[in-house]
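Enquirer:
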Ligand code: DC
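Below, the structure written as structure tokens:
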């Protein structure tokens, strides 16, 4: 069974998708990490990101694999280095590129086929897995998402300004919603979960209940 979770940055998708996968005994795929890893690799390699052909040629030659739920790039596990503000700032070059998106969606389909997966991103229910049996769209207001991010950064002792986080997030929302392919979009058959007033545990419990009902309906 494939469960897709899409939604804007800061809606808690990764944490929730991972916990949901653990609870269900499913595998977990963080597709944002794939876009981040390629952006980081291109930056590190001195690729001119604004040159679409150069970027495309570079990214299509980078090998990505998933091993026990961890993303590997060029035979090494990918770590926290892909989660920097510099990567977030430049990720649109990779995410807007149609050829690179096709490469990544093909990989996602290869990995997920014939397995039980929770896959999260922006286009999982719309483009990557339009026939997935269970689709969710996780969201919260921009203010809630920015407050959550501020709290995370403060917990890591990283001094941050709420207004700057909110502005960067609105900018990413705008880009995510307006790219020509794979844009952030709720699939018509996705269930929307508005998480502003919910804890992570409450969201996971609600999603797990829905998946379990569909799972039972499938095997009965
Ligand atoms: O989930 P995240 O914030 O780590 O994702 C980073 C960026 O990657 C996001 O701003 C847009 C892009 N992305 C995408 O275009 N399609 C996906 N399926 C996942 C992420």
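Residue numbers (the working numbering): 981 to 1200.
Built from N, CA and C at the ideal position, the CB exists for glycine as well.
(1) What I want to know is whether the C-beta of residue 989 ends up closer than 7 Å to one or more non-hydrogen atoms of the ligand DC.
(2) Measure the alpha-carbon distance for residue 1201 versus residue 1198 and round it to whole angstroms.
(3) Whether or not the segment 982 to 999 and the segment 1147 to 1155 are in contact is what I'm after, with contact meaning three or more pairs of Cβ atoms, one per stretch, closer than 8 Å; do they touch?
(4) Quick check on the DSSP output: the alpha helix (DSSP H) that includes residue 1098 runs from which residue to which?
(5) Name the DSSP bridge partner or partners of residue 1047?
(6) Is it true that the CB of residue 1008 sits closer than 8 Å to the CB of residue 997?
(7) Per DSSP, residue 1189 is paired with what?
(8) Mapping the DSSP letters down to three states, classify residue 1056 as helix, strand or coil.
(9) Which of helix, strand or coil does DSSP assign to residue 998?
(10) In chain order, which continuous runs of the beta strand (DSSP E) of length 3 or greater are located wholly inside the segment 1115 to 1172?
(11) Which residues bound the alpha helix (DSSP H) around residue 1084?
(12) Run through the DSSP bridge pairs and tell me what residue 1034 is partnered with.
(13) Let me confirm a value: residue 1142 is counted as buried when at least 16 other C-beta atoms fall within 10 Å, else exposed. Which label applies?
(14) Measure the alpha-carbon distance for residue 1020 versus residue 1103 and round it to whole angstroms.
(15) Between the segment 1020 to 1031 and the segment 1063 to 1075, are three or more C-beta pairs nearer than 8 Å?
(16) Count the other C-beta atoms from every protein chain shown that fall within 10 angstroms of the C-beta of residue 1081, then say buried if there are 16 or more, exposed otherwise.
(17) Report yes if the CB atom of residue 1105 is closer than 8 Å to the CB atom of residue 995, and no otherwise.
Expert: Quick answer:
(1) Residue 989: yes, Cβ under 7 Å from the ligand DC.
(2) Given that the chain is displayed from residue 981 to residue 1200, the structure contains no residue 1201 and the question cannot be resolved.
(3) With the cut-off at 8 Å, the segment 1147 to 1155 and the segment 982 to 999 touch.
(4) For residue 1098, there is no enclosing alpha helix (DSSP H); the residue is part of the beta strand (DSSP E) that begins and ends at 1097 to 1101.
(5) DSSP lists 1050 as the beta-bridge partner residues of residue 1047.
(6) At a Cβ-Cβ threshold of 8 Å, residue 997 and residue 1008 count as neighbours.
(7) Partner(s): none; residue 1189 has no beta bridge.
(8) For residue 1056, the three-state secondary structure derived from DSSP is strand.
(9) Helix, per DSSP.
(10) Counting only runs of 3 or more, we get nothing.
(11) First-last of the alpha helix (DSSP H) with residue 1084: 1078 to 1092.
(12) Listed as beta-bridge partners of residue 1034 by DSSP are no residues whatsoever.
(13) Exposed is the call here.
(14) A straight-line Cα-Cα distance of about 21 Å links residue 1020 and residue 1103.
(15) Using a C-beta cut-off of 8 Å, the segment 1020 to 1031 makes contact with the segment 1063 to 1075, since at least three inter-stretch Cβ pairs fall below that distance.
(16) Counting every other CB atom within 10 Å of its CB across the protein chains shown gives residue 1081 a total of 16 or more, marking it as buried.
(17) The answer is no: Cβ separation not under 8 Å.
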